[in-house]
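If you read the sequence shown in the numbering used here, its first letter stands for residue 118, the second for the next number, and so on.
A quick write-up on the structure given underneath.
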Amino acid sequence: MNEIVSVVGARPQFIKAAMVSPALAKAGIQERLIHTGQHYDDDMSSVFFDELDIPAPDTNLEVGSGSHAIQTGEIMVRLEAYLLQNDRPDCVLVYGDTNSTIAAAVTARKLLIPVAHVEAGLRSFNMQMPEEINRIVTDRLSDFLFCPTQTACDQLKKEGLTAGVFLTGDVMRDAVVHYSSSSTPANSQFPDGSYALATVHRAENTDDPDRLAGIIRGLGSVGLPVIFPAHPRTAGRLKGIGLPDNVRIIRPLSYKQMLRAMKGAHRVFTDSGGMQKEALWLGTPCITFRDETEWVETLERSWNVLVGADPLRIKQAMELEPVDPPPLLGQFGKDTASSRIASILVSA
Ligand code: UD1
118 MNEIVSVVGA RPQFIKAAMV SPALAKAGIQ ERLIHTGQHY DDDMSSVFFD
168 ELDIPAPDTN LEVGSGSHAI QTGEIMVRLE AYLLQNDRPD CVLVYGDTNS
218 TIAAAVTARK LLIPVAHVEA GLRSFNMQMP EEINRIVTDR LSDFLFCPTQ
268 TACDQLKKEG LTAGVFLTGD VMRDAVVHYS SSSTPANSQF PDGSYALATV
318 HRAENTDDPD RLAGIIRGLG SVGLPVIFPA HPRTAGRLKG IGLPDNVRII
368 RPLSYKQMLR AMKGAHRVFT DSGGMQKEAL WLGTPCITFR DETEWVETLE
418 RSWNVLVGAD PLRIKQAMEL EPVDPPPLLG QFGKDTASSR IASILVSA
């Protein structure tokens, strides 16, 4: 194939596209990038395009925020119109597990355009998570299933999906390897190892006052300053909640700033999928505000510890020392995941 439409909409998808788009171009594939507009604030969107040199999207569908049905439905309506009014691509490429992912997969598939899914086969087995629904539906509809791990490939097989499944490795790892050497100054106020870094953005944590309070109480007990770059929704929920003295809320960080902050942290606390792996690749143990993870490999040798939203488990996890080496290091040889994906698509 030689013409692809890629659909992105949320922060981690911009980072993945920053790796995959140049690989597609290098392989001779023409790409049109569509931004759904799911994330739209400057520090949730344009900062990534600027910092990672991602070309401006061909079009921005500008759907903005809304309920799941509204957001997903609006993306479908606007993307369908785009695909019908413009040259038909050979494939629509989607990333991860957001509402932009499922909306693009359903729309393309119903227009009989093949779908390629980067980060196929991940499962939390928690159907309360909107992302789990998005993953299952997207995988079921995809013609190319690009798995970051062997666990993901095995899972697809269990679900009866065997055609078009490829173990490619993780494009997020490509990004960490590529960008972690470019210099972003350390935070001089907090030398390396002297602080913890925390992020929370999942609805199950932000929109449940008991869970959010448990997390904040736990962070208050870790015995270190906690730098907390807050997603806009989390910042909204934290307004009016008394914060412990050691917790400092700041604006969302750019990708390179976040890599630097994770590398220097004594521990990373998060409910993000991507940061659980990024922390480990940067050599920092992770503590995860969830009860399960799609990235089960990260749990090996205590490099990642699941603590839910329980203040006691958060405090106890601080005392665990992981055993070297971190999991998920360099597992798929020297080619990048992005270049593998591009070479599979160009020869399809
Ligand atoms: C979305 C994805 C999640 C992913 C995350 C990455 C879904 C269901 N969730 O979660 O899987 O891990 O992106 O960051 O697709 N908001 C703003 N400005 C913005 C964007 C959002 O203020 O630029 C606020 C709005 O109040 C919005 C809320 O954040 O309602 C949630 O945004 P949304 O895109 O729906 O979900 P995320 O939590 O960002």
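The beta carbon of each residue, even a glycine, is placed where N, CA and C say it ideally should be.
Tyr-296 in three-state terms, based on DSSP:
Looking at Tyr-296 - three-state DSSP - the assignment turns out to be helix.
Distance cut-off 7 Å: Asp-324 Cβ against heavy atoms of the ligand UD1
no
For the segment 367 to 387 against the segment 155 to 164, do three or more pairs of beta-carbon atoms, one drawn from each stretch, fall closer than 8 Å, so that the two count as touching?
yes
Any idea if Val-137 is buried or exposed, counting beta-carbon neighbours within 10 angstroms, 16 or more meaning buried?
A residue is called buried when at least 16 other Cβ atoms come within 10 angstroms of its Cβ; Val-137 meets this threshold and is buried.
Roughly how far, in whole angstroms, is the beta-carbon of Leu-210 from the beta-carbon of Ala-459, given that I think they are within contact range, below 8 Å?
The pair is not a contact, with the Cβ atoms about 10 Å apart (cut-off 8 Å).
With a threshold of 7 Å (Cβ to nearest heavy atom), would Pro-129 be considered close to the ligand UD1?
yes
Alpha carbon to alpha carbon, how far is Leu-196 from Leu-178?
7 Å
Compare the beta carbon distance of Phe-261 and Leu-462 with 8 Å and say whether it is the shorter of the two.
yes
Pop quiz: Thr-255 and Ala-233 are said to be a contact at Cβ under 8 Å. What is the actual Cβ separation, rounded to whole angstroms?
Between Ala-233 and Thr-255 the Cβ distance is about 10 Å, and since that is not below 8 Å, they are no contact.
Going by CA-CA distance only, name the one from Thr-401, His-348 and Glu-321 that's closest to Asp-159.
His-348
In whole angstroms, give me the CA-to-CA distance for Arg-205 and Ile-121.
In a straight line, the C-alpha of Arg-205 is about 9 Å away from that of Ile-121.
Quick check on Glu-438: does DSSP put it in helix, strand or coil?
Residue state for Glu-438 is assigned as coil, using DSSP reduced to three classes.
Contact the segment 281 to 298 vs the segment 353 to 367: 3+ CB pairs below 8 Å:
no
Would Thr-215 and Tyr-199 be called neighbours here (beta carbons separated by less than 8 Å)?
no
Assign Met-392 to one of two classes, buried (16 or more other C-beta atoms within 10 Å of its C-beta) or exposed (fewer than that).
buried
Whose C-alpha, out of Leu-336, Met-246, Val-124 and Cys-264, is nearest the C-alpha of Arg-457?
That would be Cys-264, whose Cα lies nearest to the Cα of Arg-457.
Would you list, in sequence order, the uninterrupted alpha helix (DSSP H) runs of no fewer than 4 residues that lie entirely inside the segment 364 to 415?
Restricting attention to alpha helix (DSSP H) runs no shorter than 4 residues, the segment 364 to 415 encloses them at 372 to 381 and 390 to 398, ordered along the chain.
Rounded C-alpha distance that separates Met-118 from Ile-192:
25 Å
At a cut-off of 7 Å, is Pro-349 close to the ligand UD1 when judged by its beta-carbon and the heavy atoms of the ligand?
When distances are taken from the beta-carbon of Pro-349 to the heavy atoms of the ligand UD1, the shortest one is below 7 Å.
Please name the residue, chosen from Ala-426, Gly-425, Leu-416 and Ser-338, that lies closest to Met-435 on a Cα-to-Cα basis.
Ser-338
Looking at Ser-182 and the ligand UD1, is the gap between the Cβ and the nearest heavy atom below 7 Å?
yes
Alpha carbon to alpha carbon, how far is Leu-329 from Ile-358? Give it in angstroms, no decimals.
10 Å
Three-way DSSP call (helix, strand, coil) for Tyr-199 in this model
helix
Using 10 angstroms around the beta-carbon of Met-244, count the other beta-carbons present and answer buried if the total reaches 16, otherwise exposed.
exposed
Quick check: the Cα distance between Gly-181 and Gln-188, rounded to an integer number of angstroms?
Cα to Cα, Gly-181 sits roughly 7 Å from Gln-188.
Glu-438 CB to nearest chain D CB: under 8 Å?
Chain labels in this structure do not include chain D; a single protein chain is all it has.
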